[in-house]
Amino acid sequence: MSQVVSLVVTQFRCNISKALVLTNRKWTATIKEQEKDRLTPIVEALSNAYFGPDYSQPNDATEISPKDIDQLARTSFPLCMRHMLEKLRENHHLKHGGRMQFGLFLKGAGLKLEDALTFWRSEFSQKVGSERFDKEYAYSIRHNYGKEGKRTDYTSYSCQKIISATPGVGDHHGCPYRHFGEENLRAALNNMGVGGNALEGILDKVKNRHYQLACTMTFEATHGVSCDTGINHPNQYFSESQKVLQAKNQTVQSQLST
């Protein structure tokens, strides 16, 4: 029965994907101009909107510490966040766009303010020193947690916002599925343990500009489960990954106890 369900879901996704491609072509070719005074502003606003959960505050039961981050990155971070962590560890620095995207993701994943300051200071101080970090970088971290300026409690970036970013030279934020070249993307996915047909399927989605579908397929390939809701937010990816891993761990513990 599970095989039948999997086949139906796969075919349904394929049909939806083809329909979206066809709709996009028709929209670009004719409908967008014809409806420029009526539908076009609405559609363009919707395409940049995010209607999912608010990740400005993590679940009360969720809390991570700086010592957890590397292990969590290996098991539960989406590719965009894994990449920024790797570059942060390598260069002991991220530009503003990277600090915003990665810092707000960590906040949404459950990293408290004091732990965030500890984490960023431990990396940046290796390059700029602790004193300069406290003068130039600590304020923006406190600001993201609503402790400075207008006291706005910022939420982490959705996939749509990340995909629409325009990283410059030396930047490491953005969406790897959109902003990486094929060779770099292939290597990054291989490092996550994705290969074979799964890898080629992901690259095919990227070529057709279905970046969120590519991320969803990466999740499925690395976790061995189906993600029928699709991935729309990096913190959703993290949360769903933790649920899958916890369920697998509970199954193992149950088997060991019998």
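Counting in my numbering, the sequence shown runs without a single skipped number right up to 416 at its last residue.
From the three backbone atoms N, C-alpha and C, an ideal C-beta is built for every residue, glycine too.
Predicted model, so just to flag it, every value in this text is computed and none were measured.
- Your pair residue 380 and residue 360 does not check out as a contact, with CB atoms roughly 11 angstroms apart and the cut at 8 angstroms.
- Here residue 269 carries a strand assignment [DSSP, helix/strand/coil].
- Burial check for residue 196: the Cβ neighbour count within 10 Å stays below 16, so the residue is exposed.
- When DSSP states are grouped into helix, strand and coil, residue 389 belongs to the coil group.
- If you ignore the 5 residues before and after residue 297, its C-beta comes within less than 7 angstroms of the C-beta of 306, all in its own chain and listed in chain order.
- Taken atom to atom, the span from the alpha-carbon of residue 200 to that of residue 287 is near 48 angstroms.
- Within the same chain, and ignoring the five residues on either side of residue 347 in sequence, the residues whose Cβ sits closer than 6 angstroms to its Cβ are 357.
- A buried status is given to residue 363, since no fewer than 16 other beta-carbon atoms sit within 10 Å of its beta-carbon.
- A direct Cα-to-Cα measurement between residue 291 and residue 389 gives close to 34 angstroms.
- Counted as a single uninterrupted DSSP element, the alpha helix (DSSP H) harbouring residue 340 occupies residues 340-349.
- For residue 355, the enclosing alpha helix (DSSP H) starts and ends at 354-365.
- Rounded to whole angstroms, the Cβ separation of residue 263 and residue 342 is 21 angstroms, and the two are not in contact under 8 angstroms.
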